[in-house]
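Notes follow once the structure below has been shown.
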Amino acid sequence: MLLIHELSDRWRRSQHKNDEGVALVLVVFVMLIGLIATATIAAAIFFVTNGNITNRSNTQAFVAAESGRDTVVAALVAANAAGTCSTATMSASSVGQPSGPYFSTKAQSITGAAPSAWNNGVAPACPTQNTNYIVIQSTGYGTNSVSAEKTTTLSVYQWQVVSHTSQSGTMAGTNGSFHGVGGGSSSNTLKGDLVVRTSNYTCSGSSVIDGDLWVLGGSDGTNGGNVTITGGCDITGNIFANGSVTSNGGNAGSNPITIGKSIIAGGLVSMDSNGVTVGANCVAADGANCGQIASGGTVTLSGTGPNVGTVLTTVTGRPTAPVISASNWKHPDGTALTGSVGAAPAFSPPLNSSQNGGSTAGTVYAMTSWIEFGTGTAWQGAPAVATKLTCPANPDTALSTATGPVILDYSGSSCFATSGNTTTITLTGGNVPTDAVFLIAPGKSMKVQINGNLGGPSSPTSQIFFVHQSLNTGNVATDCGRPSGDSFTTGAVTIAPRIMVYTPCGLNGTWTGTLTGQFYVGGSMTYNGNFTCTPMSWNPSPSPMPNMDCKILGSGGAAGSTTYTLSLGSMVSQAEIP
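Below you can see the structure in the form of structure tokens.
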């Protein structure tokens, strides 16, 4: 019995020890599980923390990239408005600066279809009227280091171009001759293109045309179109004549004849050598043909006078070769000047319908078409913007007290300014803060006298329009209604406003100093003074007149005068790129 009890006790004791071992194993196992869980949680926490740091850096980089884009956009918009865009406008960088956001951004101007990638073959350059899209590539950095986390975006914006075509070449002797008077050291300078739509043109009396001369010969080339040049005539640009171009007189020392660029004539060309130069103002941008004489008729360059005449490039005529006095005509470098038979010159744009398949559309004659300002012309706008004053007793006061566009109507039959068949407008001086138009009745003669200084704003300058109303017959030749012309004279005064003189009649103009503005003359004009053509417009809408410009050919050679309004449009697309 004793033995059995002893064995039982030993078995129970061994079982108890085994239970303790199992418990120990379980404890160790649970501890291992806890350790693994702790390590896993710690790793997860580390991963999440590190991910948040990375995400934060990426977010900062993206925000920085957009900041760079916005910086270039703002700079481009401001520079475009101010007309100061340069290659520096098209890029920006803040890398290395003491505070963020940090970015490196560049932009390029693209023509054609909207791009989907940066074009490494296009250098950053300011947009023009030919631009379709602005592409901005901006890289943002999470910290102030190019080795930091970074994000690059590519943004595409539309570039908006709106064209505005103006009435061209309106400093015109529309239905008569147009010439300056004077001589010796006295000169009459016209800055801008001069267009003589009908009749012939004579350049004499120390006259300077700082621009191109267009002599059209009427709507179909049968009414005038010939140019005569005498001593002292200086045309800095080209002569475009439907008919002939002839010269006589002149002296290289005291009274030269100078044609700055080319002579293009539909008829014959005949010139004396005495002091004539053709092509002295040509530059590379004018092309290889600048400085030529091209004639649709015969060319005779005679040896009259002691001074050699010079032609920069070529001389062509038809149907026979030009006749050139070899000893009296040379190239500027002294080499021999020879001529050849050539095709009839092609005028671009055509001067009249005879050069355009019988159509006047697109011709210089059409571009400079006569504008009728008659008794029914609406100047106030709708709704009325301009204030209308009927026969004000003191025009100087009416001008100086105006707070907006003002119409001074002197067309009434009982107006004090009219005596007999003449209406006289006299300005004694004062300030002209706003635009103004003076209206003179058709059938009367208009006499304008400015005897005192006229001031006004400097940018833009104010404008005064002196309008001798047309009879509205539909034929400019009969629109005047008076056998004599009008007059415009000034004393020794300073005139800040731009001046436009509109008359269906002829005009005799004499002024001192330099006058700026426009002449729109239906008959012959004689002038004595210096004149700078400047664009003009009457802004109450709808306006009875188009924007009046001063050039027929732009810098690109395109016909007419077209200006462009350029602006940054909306974003077309944006994407992150590798």
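Counting in our numbering, the sequence shown runs from 60 upward without gaps.
C-beta: ideal position from N, C-alpha, C; glycine also.
Computed from a predicted structure; not experimentally measured.
Same chain, Cβ closer than 7 angstroms to residue 183, neighbours up to 5 away in sequence not counted | 146, 149, 150, 165, 166 and 167
Close-in-space but distant-in-sequence residues of the same chain around residue 268 (CB under 6 angstroms, 5 per side omitted) | Within the same chain, residue 268 has close Cβ partners 249, 253 and 294.
So, residue 297 versus residue 321, is the Cβ gap smaller than 9 angstroms?
-> Cβ atoms of residue 297 and residue 321: closer than 9 angstroms.
Would you list, in sequence order, the uninterrupted beta strand (DSSP E) runs of no fewer than 3 residues that lie entirely inside the segment 278-335?
-> 283-288, 298-300, 304-306, 316-318, 322-324 and 328-330
Going by DSSP, name the residue or residues bridged to residue 390.
-> For residue 390, which the question treats as bridged, DSSP gives no partner whatsoever.
Beta carbon of residue 569, beta carbon of residue 587: below 9 angstroms?
-> yes
Helix, strand or coil for residue 344 per DSSP?
-> Residue 344 falls in the helix class under three-state DSSP.
Length of the line joining the Cα atoms of residue 191 and residue 344 | 25 angstroms
Of the residues 292, 286 and 251, the one placed nearest residue 263, counting alpha carbons only = Of 292, 286 and 251, the residue nearest in Cα terms is 292.
Measure the beta-carbon distance from residue 174 to residue 215 and round it to whole angstroms, keeping in mind my assumption that it falls under 8 angstroms.
-> 7 angstroms
Best match in 551, 255, 359 and 412 for proximity to residue 399 [C-alpha to C-alpha] = 359
Would you list the residues sitting across from residue 635 in a DSSP beta bridge?
-> 212, per the DSSP bridge assignment.
Grab the span of the alpha helix (DSSP H) containing residue 459 for me, first residue to last.
-> 454-459
Unbroken alpha helix (DSSP H) run spanning residue 424, endpoints = 423-426
Name the residue from 317, 161 and 218 whose alpha carbon lies nearest to the alpha carbon of residue 185.
-> 218
When the Cα atoms are used, what is the spatial distance from residue 499 to residue 375?
-> 49 angstroms
Endpoints, beta strand (DSSP E) assigned at residue 273 = 272-274
For residue 543, which beta-bridge partners are listed by DSSP?
-> None, per the DSSP bridge assignment.
Have a look at 353, 337 and 348 and flag the residue whose alpha-carbon is nearest the alpha-carbon of residue 368.
-> 337
Residue 443 to residue 525, Cα distance in whole Å?
-> 20 angstroms
Determine the extent of the beta strand (DSSP E) in which residue 572 is found, giving its start and end residues.
-> Counted as a single uninterrupted DSSP element, the beta strand (DSSP E) harbouring residue 572 occupies residues 566-580.
Close Cβ partners of residue 559 (< 6 angstroms) along its chain, the five nearest in sequence each way excluded = 524, 576, 577 and 595
Residue nearest to residue 566 in terms of C-alpha spacing, selected from 512, 514, 611 and 507 | 507
Residue of 335, 303, 305 and 306 minimising C-alpha distance to residue 317 | 335
Can you tell me the Cα-Cα spacing of residue 287 and residue 315, whole angstroms?
-> As the crow flies, the alpha-carbon of residue 287 is around 14 angstroms from that of residue 315.
So which of 496, 457, 451 and 465 has the shortest CA-CA distance to residue 476?
-> 451
For residue 243, collect the residues of the same chain with a Cβ closer than 6 angstroms to its Cβ; drop the 5 residues on either side in sequence, then sort them by chain order.
-> Any reading at residue 243 needs caution, since the residue's pLDDT is 35, under 50, leaving its predicted position unreliable; the model's value is listed next. For residue 243, where only same-chain residues beyond five positions count, there are no Cβ hits under 6 angstroms.
Counted within 10 angstroms of its Cβ, other Cβ atoms place residue 453 as buried (16 or more) or exposed = It counts as exposed.
In angstroms, rounded to a whole number, what distance separates the CA positions of residue 382 and residue 258?
-> 28 angstroms
According to the Cβ coordinates, are residue 494 and residue 388 closer than 9 angstroms?
-> no
If you check the beta carbons only, do residue 424 and residue 272 fall under 9 angstroms apart?
-> Not closer than 9 angstroms, so no.
Have a look at 556, 438, 552 and 464 and flag the residue whose alpha-carbon is nearest the alpha-carbon of residue 518.
-> 556
Those residues which DSSP pairs with residue 439 across a bridge = Residue pairing for residue 439: DSSP places it in no beta bridge.
Starting from residue 448, follow the beta strand (DSSP E) in both directions and report where the run begins and ends.
-> Unbroken beta strand (DSSP E) run through residue 448: 446-449.
Nearest neighbour of residue 120, chosen from 142, 211, 473 and 129 [CA to CA] = Among 142, 211, 473 and 129, the Cα nearest to that of residue 120 belongs to 211.
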